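Novice: Using our numbering, read the sequence shown as starting at 133 and increasing by one per residue.
Virtual Cβ for every residue (Gly too), placed ideally from N, Cα, C.
Since we're looking at a predicted model, the values are computed, not measured.
Dropping the structure in here first, questions after.
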Amino acid sequence: MQANENSTHQTKDPVLLFFNRVIAQVSRVLAAIMVMVIIWGVADVVYVLHQRLMAPPFMLLEIKDILATFGAFMAVLIAIEIFHNIILYVEDNHNRQLAVEIVLGTALMAIARKVIVLDFNEVGAGHVYATAAVTLALSVGYYLIVIRAQGAKRRMSRSIIPSANG
Numbered sequence: 133m134q135a136n137e138n139s140t141h142q143t144k145d146p147v148l149l150f151f152n153r154v155i156a157q158v159s160r161v162l163a164a165i166m167v168m169v170i171i172w173g174v175a176d177v178v179y180v181l182h183q184r185l186m187a188p189p190f191m192l193l194e195i196k197d198i199l200a201t202f203g204a205f206m207a208v209l210i211a212i213e214i215f216h217n218i219i220l221y222v223e224d225n226h227n228r229q230l231a232v233e234i235v236l237g238t239a240l241m242a243i244a245r246k247v248i249v250l251d252f253n254e255v256g257a258g259h260v261y262a263t264a265a266v267t268l269a270l271s272v273g274y275y276l277i278v279i280r281a282q283g284a285k286r287r288m289s290r291s292i293i294p295s296a297n298g
């Protein structure tokens with residue numbers, strides 16, 4: 133399978149080479165747009181926080197304001213994670229394992245944002261159960277693909293290192 137992945141990226145076909153260059157340029161444009169979105173998101177967080185702190189009662193935030201601020205912070209962090217995923221394509225590493233890890237991490241962050249800003253008074257039980265199911269599925273996927281794989285790598289590296297007694 134490794135040979136197949138490399139052969140698709142190292143093709144001699146001029147049309148495919150052209151398409152790969154177009155995709156690389158599109159990825160760069162997307163990365164630039166994402167940087168603008170991140171800057172805009174940070175400016176929005178600062179503006180909204182300033183507005184809420186200046187409104188009566190002065191320099192005090194209600195719980196709903198704090199939760200909204202957390203939601204805005206999480207949205208910026210999600211944008212940063214998406215930017216990192218775009219960079220994987222721009223750099224042309226095509227490390228599929230890393231791409232899956234970043235996508236899962238981004239999805240977990242997005243669902244965590246949803247849970248943080250969720251108003252349980254405004255949504256039904258079905259919505260809460262569906263959110264819980266998505267959270268559980270993403271957590272299990274993240275554990276299997278990221279955490280478990282890191283543990284296996286550590287175990288392999290320990291088995292390669294000769295023991296002091298031997």
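Have a look at L149, G258, L270 and flag the residue whose alpha-carbon is nearest the alpha-carbon of E233.
Specialist: L270
Novice: Could you round the C-beta distance between F215 and V158 to whole angstroms and report it? I think they count as a contact, below 8 angstroms.
Specialist: So it is not a contact: roughly 15 angstroms between Cβ atoms.
Novice: Buried or exposed: which applies to T143, given that a residue is buried once 16 or more other Cβ atoms fall within 10 Å of its Cβ?
Specialist: exposed
Novice: Thinking V266 and I248 are a contact (beta carbons under 8 angstroms), I'd like their distance in whole angstroms, please.
Specialist: Not really, about 14 angstroms apart at Cβ, beyond 8 angstroms.
Novice: Can you say whether A264 is buried or exposed, counting buried as having 16 or more other CB atoms within 10 angstroms of its CB?
Specialist: exposed
Novice: Output the residue ranges of the beta strand (DSSP E) runs that lie fully inside the segment 146-215 and measure 3 residues or longer, sorted by chain position.
Specialist: none
Novice: Specify whether the segment 199-215 and the segment 167-182 touch according to this definition: at least 3 beta carbon pairs, one from each stretch, less than 8 angstroms apart.
Specialist: yes
Novice: Does the separation of the CB atoms of Y261 and L236 fall below 8 angstroms?
Specialist: no
Novice: Y261 lies in the alpha helix (DSSP H); which residues open and close that run?
Specialist: That run of the alpha helix (DSSP H) goes 257-274.
Novice: Which residues bound the alpha helix (DSSP H) around L250?
Specialist: Looking at the DSSP string, L250 is not in any alpha helix (DSSP H), and its letter there is neither H nor E.
Novice: Cα-Cα, which of A187, I155, V278 is closest to Q229?
Specialist: Out of A187, I155, V278, V278 has the C-alpha closest to the C-alpha of Q229.
Novice: Could you tell me if A281 is buried or exposed, where buried requires 16 or more neighbouring beta carbons within 10 angstroms of its beta carbon?
Specialist: The residue in question, A281, is exposed, as its Cβ has fewer than 16 Cβ neighbours within 10 Å.
Novice: Given this structure, state the Cα-to-Cα distance separating S289 from N227, to the nearest angstrom.
Specialist: 21 angstroms
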